[in-house]
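Protein chains: 4
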Amino acid sequence: MARPLSDDRRNTIIIAATELISERGLGTSTADIAKHAGISNGSVFTYFETKTDLFNAIYSELKEELIATVLAAIPSDQEEKSQLRYFWSARTQWGVTNPQKRKALAQLHVSDKITIVSRQAATVSAAPILNLIAQVAMRGTLRAAPPSYVVELVEGMAGTTMDFMIANPAMAEEASQAGFDALWRMLA
Amino acid sequence: MARPLSDDRRNTIIIAATELISERGLGTSTADIAKHAGISNGSVFTYFETKTDLFNAIYSELKEELIATVLAAIPSDQEEKSQLRYFWSARTQWGVTNPQKRKALAQLHVSDKITIVSRQAATVSAAPILNLIAQVAMRGTLRAAPPSYVVELVEGMAGTTMDFMIANPAMAEEASQAGFDALWRMLA
Amino acid sequence: MARPLSDDRRNTIIIAATELISERGLGTSTADIAKHAGISNGSVFTYFETKTDLFNAIYSELKEELIATVLAAIPSDQEEKSQLRYFWSARTQWGVTNPQKRKALAQLHVSDKITIVSRQAATVSAAPILNLIAQVAMRGTLRAAPPSYVVELVEGMAGTTMDFMIANPAMAEEASQAGFDALWRMLA
Amino acid sequence: MARPLSDDRRNTIIIAATELISERGLGTSTADIAKHAGISNGSVFTYFETKTDLFNAIYSELKEELIATVLAAIPSDQEEKSQLRYFWSARTQWGVTNPQKRKALAQLHVSDKITIVSRQAATVSAAPILNLIAQVAMRGTLRAAPPSYVVELVEGMAGTTMDFMIANPAMAEEASQAGFDALWRMLA
DNA sequence: GATGAATGAGTATTCATTCAT
DNA sequence: AATGAATGAATACTCATTCAT
Numbered sequence: 017m018a019r020p021l022s023d024d025r026r027n028t029i030i031i032a033a034t035e036l037i038s039e040r041g042l043g044t045s046t047a048d049i050a051k052h053a054g055i056s057n058g059s060v061f062t063y064f065e066t067k068t069d070l071f072n073a074i075y076s077e078l079k080e081e082l083i084a085t086v087l088a089a090i091p092s093d094q095e096e097k098s099q100l101r102y103f104w105s106a107r108t109q110w111g112v113t114n115p116q117k118r119k120a121l122a123q124l125h126v127s128d129k130i131t132i133v134s135r136q137a138a139t140v141s142a143a144p145i146l147n148l149i150a151q152v153a154m155r156g157t158l159r160a161a162p163p164s165y166v167v168e169l170v171e172g173m174a175g176t177t178m179d180f181m182i183a184n185p186a187m188a189e190e191a192s193q194a195g196f197d198a199l200w201r202m203l204a
Numbered sequence: 017m018a019r020p021l022s023d024d025r026r027n028t029i030i031i032a033a034t035e036l037i038s039e040r041g042l043g044t045s046t047a048d049i050a051k052h053a054g055i056s057n058g059s060v061f062t063y064f065e066t067k068t069d070l071f072n073a074i075y076s077e078l079k080e081e082l083i084a085t086v087l088a089a090i091p092s093d094q095e096e097k098s099q100l101r102y103f104w105s106a107r108t109q110w111g112v113t114n115p116q117k118r119k120a121l122a123q124l125h126v127s128d129k130i131t132i133v134s135r136q137a138a139t140v141s142a143a144p145i146l147n148l149i150a151q152v153a154m155r156g157t158l159r160a161a162p163p164s165y166v167v168e169l170v171e172g173m174a175g176t177t178m179d180f181m182i183a184n185p186a187m188a189e190e191a192s193q194a195g196f197d198a199l200w201r202m203l204a
Numbered sequence: 017m018a019r020p021l022s023d024d025r026r027n028t029i030i031i032a033a034t035e036l037i038s039e040r041g042l043g044t045s046t047a048d049i050a051k052h053a054g055i056s057n058g059s060v061f062t063y064f065e066t067k068t069d070l071f072n073a074i075y076s077e078l079k080e081e082l083i084a085t086v087l088a089a090i091p092s093d094q095e096e097k098s099q100l101r102y103f104w105s106a107r108t109q110w111g112v113t114n115p116q117k118r119k120a121l122a123q124l125h126v127s128d129k130i131t132i133v134s135r136q137a138a139t140v141s142a143a144p145i146l147n148l149i150a151q152v153a154m155r156g157t158l159r160a161a162p163p164s165y166v167v168e169l170v171e172g173m174a175g176t177t178m179d180f181m182i183a184n185p186a187m188a189e190e191a192s193q194a195g196f197d198a199l200w201r202m203l204a
Numbered sequence: 017m018a019r020p021l022s023d024d025r026r027n028t029i030i031i032a033a034t035e036l037i038s039e040r041g042l043g044t045s046t047a048d049i050a051k052h053a054g055i056s057n058g059s060v061f062t063y064f065e066t067k068t069d070l071f072n073a074i075y076s077e078l079k080e081e082l083i084a085t086v087l088a089a090i091p092s093d094q095e096e097k098s099q100l101r102y103f104w105s106a107r108t109q110w111g112v113t114n115p116q117k118r119k120a121l122a123q124l125h126v127s128d129k130i131t132i133v134s135r136q137a138a139t140v141s142a143a144p145i146l147n148l149i150a151q152v153a154m155r156g157t158l159r160a161a162p163p164s165y166v167v168e169l170v171e172g173m174a175g176t177t178m179d180f181m182i183a184n185p186a187m188a189e190e191a192s193q194a195g196f197d198a199l200w201r202m203l204a
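Chains as they are written, first to last, in this note's numbering: chain A, 17 to 204; chain B, 17 to 204; chain C, 17 to 204; chain D, 17 to 204.
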């Protein structure tokens with residue numbers, strides 16, 4: 017049945033692209049991605065029809081990984097504040113542990129190459145998290161604000177916090193803690 | 017004495033570039049910028065040595081304009097909360113009034129073409145604002161957090177809020193208000 | 017003993033390629049030909065060493081088919097004018113009945129990928145036809161002209177006539193008739 | 017007013033492209049054309065927006081040149097047969113004198129990249145010739161056939177004749193003469 | 001200084017052919 | 001023999017920058 021498409025190769029491409037995007041931005045050429053992945057120019061296109069497809073795949077994979085990580089970290093048997101704290105901790109920790117993924121994801125997030133479909137798929141997976149945030153906000157300062165706005169506010173704070181943590185590793189733990197306090201004050 | 021560089025032309029280029037960047041992103045070609053500005057191709061390079069220089073100039077101009085607008089809106093004879101409210105109002109209002117500038121600035125902000133020098137220059141001009149924020153934060157939840165982190169948090173919230181206001185004009189006023197309430201809860 | 021090459025598959029490839037060439041020209045990719053033939057990519061190359069080889073094979077097959085059809089249509093027991101008329105009728109009819117083959121053959125005919133060998137082989141098979149034409153021309157206007165020139169003149173007229181017949185099906189019969197009259201006038 | 021577009025350069029490109037097309041076909045790359053013209057890769061595109069535009073320009077130029085040459089050779093004060101003879105002589109002579117142009121034109125003629133607009137423009141310029149042919153045919157064998165068919169028949173014969181003349185220079189004159197006799201027999 | 005043609009490195013994608021399965 | 005993934009050279013076109021006018 018001929019050589020099958022290799023998940024390994026697919027992953028290699030995604031990883032190589034993620035690294036280069038984090039270092040050089042979305043302008044990274046497919047040829048550089050191929051070289052960095054140690055494969056031929058053309059092979060990129062046997063795994064992804066277009067550069068845009070590749071970018072959407074990376075976006076989806078990173079989002080799913082992030083969401084899965086965060087979801088796994090939230091215990092279901094705790095009160096909301098505790099759950100939110102676990103969310104926040106996992107969220108910021110992921111970014112610090114995976115700075116390249118974090119940076120690439122941030123760039124992809126604002127790119128107009130990422131389709132609504134990709135974005136919505138991520139939203140679906142993240143539903144429990146979004147619900148948790150909405151739940152917490154429901155009785156606080158932002159109770160009247162649209163949930164999508166609240167969620168973006170939280171995402172923005174997480175992004176700022178991660179950037180700071182990455183730039184100041186020594187203060188990472190404190191920053192995450194301070195971030196959570198600010199978040200809780202803001203939401204609750 | 018040869019013809020001197022014309023401030024008018026320089027401005028025309030910056031305005032044209034801002035518009036195109038907001039519509040098409042940083043990939044906009046210098047040729048398109050020239051055409052949009054109604055000048056020749058080559059003239060872009062008599063006013064800005066490189067495309068990167070042009071982008072840095074735009075970043076600086078937009079930042080300075082924003083800062084000046086906000087500064088002008090903050091009365092010096094009021095208590096901190098009131099000052100902060102004026103700041104917030106002017107900040108978000110500017111973005112809604114100048115959506116193209118807002119969008120271009122957002123893109124430039126995350127670009128790796130913008131130098132630290134450009135970024136720091138803006139920080140200097142914004143000192144009074146940064147001080148105000150730091151002052152407010154000094155006795156609140158984030159009292160122990162580094163001021164630069166707090167400021168970025170505020171900037172992030174403003175960005176999120178403006179995006180939402182621009183996307184939902186009908187709810188713009190409420191969103192700005194809700195944003196301020198959240199900000200105050202978070203900081204104070 | 018390994019599996020032998022299948023004539024069926026070979027034919028399938030040639031048919032598929034003929035169709036695609038007639039629709040999309042000689043630029044058709046081997047991958048598309050394989051897909052259209054319902055076989056794999058690589059199989060094309062187990063039946064034909066190169067794309068050029070495939071094209072030469074198609075040229076030869078189409079030529080042979082055309083020649084065989086025309087030869088079968090010429091009765092041996094008639095006078096020359098009648099034979100020539102049968103030839104002409106079969107020749108133009110074939111083109112109208114097989115427009116894809118006609119179109120593909122026309123493209124291959126002018127391609128520089130078709131070798132002299134392929135071209136000469138066709139000439140050999142067509143000998144009886146060429147002789148008939150030469151015979152007819154021998155006593156006419158073109159009696160002093162080289163036979164190869166005369167034959168090409170006839171071929172050209174047939175091509176033009178077929179193109180016209182295919183483009184104007186309603187006038188096909190008349191055109192074929194008019195073409196023969198012109199041919200006879202020219203030759204005899 | 018900056019360096020103006022140079023007609024010389026434009027011509028150089030057209031000539032270079034014509035030569036390469038005649039040798040290597042329409043697949044000739046724009047890079048090779050540029051190199052052969054002694055200019056940079058990109059300059060091809062400052063003179064012709066696309067490769068297709070370049071090909072249409074070549075087609076038009078060659079057709080116009082051919083038509084002008086032929087028209088200039090037809091005396092207006094002679095009877096039809098004589099005019100047709102002058103036409104035929106000029107037509108075949110042009111092809112023999114300019115074998116590369118002849119070959120390139122033949123390839124472009126059958127290419128689907130050449131627009132109807134380009135083709136029609138040529139038809140308009142060639143009107144006197146087309147009329148002459150139609151006039152001659154009006155009382156002959158092909159009197160009932162559509163003029164467009166008759167014209168294509170003539171073009172085909174001219175093409176065949178030129179090919180033969182080019183391939184057999186020693187017999188060129190005779191072939192042209194024989195071609196005319198055949199043409200006249202066929203038409204009149 | 002202004003203009004816009006000239007340059008040539010760079011881009012995503014295609015495709016004939018090879019080769020591991 | 002059949003499959004289809006792997007390869008890498010090739011392609012049309014773009015664009016920041018330079019430079020002749």
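In this text, a Cβ means the ideal position worked out from N, Cα and C, and glycines have one as well.
key: Cβ of Ala194/A within 9 angstroms of any chain B Cβ   = So yes, Ala194/A belongs to the interface.
task = Report the three-state DSSP secondary structure of Ser192/D (helix, strand or coil).
result = Secondary structure at Ser192/D: helix, using DSSP grouped into helix, strand and coil.
task = Go ahead and pull the three-state DSSP assignment for Arg159/A.
result = Residue state, collapsed to three classes: coil.
ask   = Hey, does Asp197/B have any beta-carbon neighbour from chain A nearer than 9 angstroms?
value = Yes, Asp197/B counts as interfacial toward chain A.
query = What are the start and end residues of the alpha helix (DSSP H) that includes Val86/C?
reply = Where Val86/C is concerned, the enclosing alpha helix (DSSP H) stretches over 67-89.
Option in Arg155/B, Glu190/B, Ile74/B with minimal Cα separation from Gln123/B = Nearest of Arg155/B, Glu190/B, Ile74/B to Gln123/B, Cα basis: Ile74/B.
message = Please report the distance separating the alpha-carbon of Ala174/B from that of Glu168/B.
response = If you draw a straight line from the Cα of Ala174/B to the Cα of Glu168/B, it is about 10 angstroms long.
key: Between the CA atoms of Phe64/A and Phe71/C - distance to the nearest angstrom   = Phe71/C and Phe64/A have their C-alpha atoms roughly 31 angstroms apart.
request  = Identify whether Arg207/D lies in helix, strand or coil by the three-state DSSP scheme.
outcome  = No information on residue 207/D is available, as it lies outside the stretch 17 to 204 that chain D covers here.
message = With three or more C-beta pairs closer than 8 angstroms as the rule, is the stretch 194-201 of chain B touching the stretch 31-41 of chain C?
response = With contact defined as three or more Cβ pairs closer than 8 angstroms, the stretch 31-41 of chain C and the stretch 194-201 of chain B are not in contact.
key: Short CB-CB distance (under 9 angstroms) between Asn184/B and chain A   = Among the residues facing chain A, Asn184/B is included, as its CB has a counterpart in that chain under 9 angstroms away.
ask   = Applying the criterion that 16 or more other CB atoms from any shown protein chain within 10 Å of the CB defines a buried residue, is Asn114/D buried or exposed?
value = Of the residues assessed, Asn114/D falls on the buried side of the cut-off, its CB having 16 or more other CB atoms within 10 angstroms.
message = Measuring straight from C-alpha to C-alpha, what distance separates Ala143/B and Ala150/B?
response = Looking at the two C-alpha atoms, the distance is approximately 10 angstroms.
request  = Could you say if the stretch 34-49 of chain C and the stretch 116-130 of chain C meet the contact criterion of at least three C-beta pairs nearer than 8 angstroms?
outcome  = Output reads yes: the stretch 116-130 of chain C touches the stretch 34-49 of chain C.
query = So, using beta-carbon positions, are Ala106/B and Val86/B closer together than 9 angstroms?
reply = Yes, Cβ-Cβ distance for Ala106/B and Val86/B is below 9 angstroms.
message = I'd like the span of the alpha helix (DSSP H) that includes Thr131/B, first residue to last.
response = Run containing Thr131/B: none; DSSP gives neither H nor E here.
message = Counting beta carbon pairs with one atom in the stretch 76-85 of chain B and one in the stretch 172-189 of chain A, are three or more of them shorter than 8 angstroms?
response = Under the three-pair Cβ rule at 8 angstroms, the stretch 172-189 of chain A does not count as touching the stretch 76-85 of chain B.
key: Test: Pro162/C CB closer than 9 angstroms to a CB of chain D   = At least one C-beta of chain D is nearer than 9 angstroms to the C-beta of Pro162/C.
query = Sorted by chain position, which residues of the same chain lie with C-beta nearer than 6 angstroms to Ala120/A's C-beta, five sequence neighbours on each side aside?
reply = Setting aside the 5 residues that flank it on each side, Ala120/A is surrounded in the same chain by Thr34, Ile37, Ser38, each with a C-beta closer than 6 angstroms to its C-beta; the list follows chain order.
inquiry  = Let me check understanding here. Comparing Cα to Cα, which of Gln136/D, Val170/D, Phe61/D, Lys129/D lies closest to Val152/D?
reply    = It is Val170/D whose Cα lies nearest to the Cα of Val152/D.
inquiry  = Rounding to the nearest angstrom, what Cα-Cα distance links Arg159/B and Asp23/A in this structure?
reply    = Rounded to whole angstroms, Arg159/B to Asp23/A spans 49 angstroms at the Cα level.
ask   = Does the distance from the C-beta atom of Ile90/B to that of Tyr102/B stay below 9 angstroms?
value = Closer than 9 angstroms, so yes.
ask   = Any C-beta of chain C sitting closer than 9 angstroms to the C-beta of Met64/D?
value = First, the residue type needs correcting, since residue 64/D is Phe and not Met in the sequence shown. No, because no Cβ of chain C sits closer than 9 angstroms to the Cβ of Phe64/D.
key: Chain-ordered chain B contacts of Met173/A [CB-CB under 7 angstroms]   = Correct list: Leu169, Gly172.
query = Which word fits Ala194/D, buried or exposed, when buried means at least 16 other C-beta atoms lie within 10 angstroms of its C-beta?
reply = Buried, since its Cβ has 16 or more Cβ neighbours within 10 Å.
request  = For Thr62/C, collect the residues of the same chain with a Cβ closer than 8 angstroms to its Cβ; drop the 5 residues on either side in sequence, then sort them by chain order.
outcome  = Counting only Cβ-Cβ distances below 8 angstroms, and skipping sequence neighbours, we find Leu21.
query = So with Cβ pairs under 9 angstroms, would you call Gly111/A a contact of chain B?
reply = False, the Cβ-Cβ gap to chain B never drops below 9 angstroms.
request  = May I have the straight-line CA-CA distance separating Thr177/C from Thr68/A, to the nearest angstrom?
outcome  = Distance from the CA atom of Thr177/C to the CA atom of Thr68/A, rounded to whole angstroms, is 49 angstroms.
message = Alpha carbons only, please: which of Gly54/C, Gly43/C, Gln109/C is nearest the one belonging to Asp128/D?
response = Cα-wise, what sits closest to Asp128/D is Gly43/C.
query = For Glu96/C, which option in Asn27/C, Tyr165/C, Leu146/C, Pro185/C has the closest C-alpha, if you only look at C-alpha atoms?
reply = Per the C-alpha coordinates, the member of Asn27/C, Tyr165/C, Leu146/C, Pro185/C positioned closest to Glu96/C is Leu146/C.
inquiry  = If distances are taken between C-alpha atoms only, which option among Gly58/C, Ala88/C, Ala50/C, Asn184/C comes closest to Tyr165/D?
reply    = The option with the nearest alpha carbon to Tyr165/D is Asn184/C.
inquiry  = Just to confirm my understanding: we take Lys51/A, look at its own chain, exclude 5 residues before and 5 after, and list those with CB closer than 6 angstroms. What are they?
reply    = Here the set comprises nothing.
inquiry  = I'd like the span of the alpha helix (DSSP H) that includes Ser38/C, first residue to last.
reply    = Start and end: 23-40.
query = Taking Cβ to Cβ, would you say Phe180/B is nearer than 9 angstroms to Trp104/B?
reply = Judged by beta-carbon spacing, Trp104/B lies beyond the 9 angstroms limit of Phe180/B, meaning their Cβ atoms are not closer than that value.
ask   = Can you give the Cα-Cα distance for Ile182/A and Thr108/A, rounded to whole angstroms?
value = Distance between Ile182/A and Thr108/A, taken at the CA atoms: about 10 angstroms.
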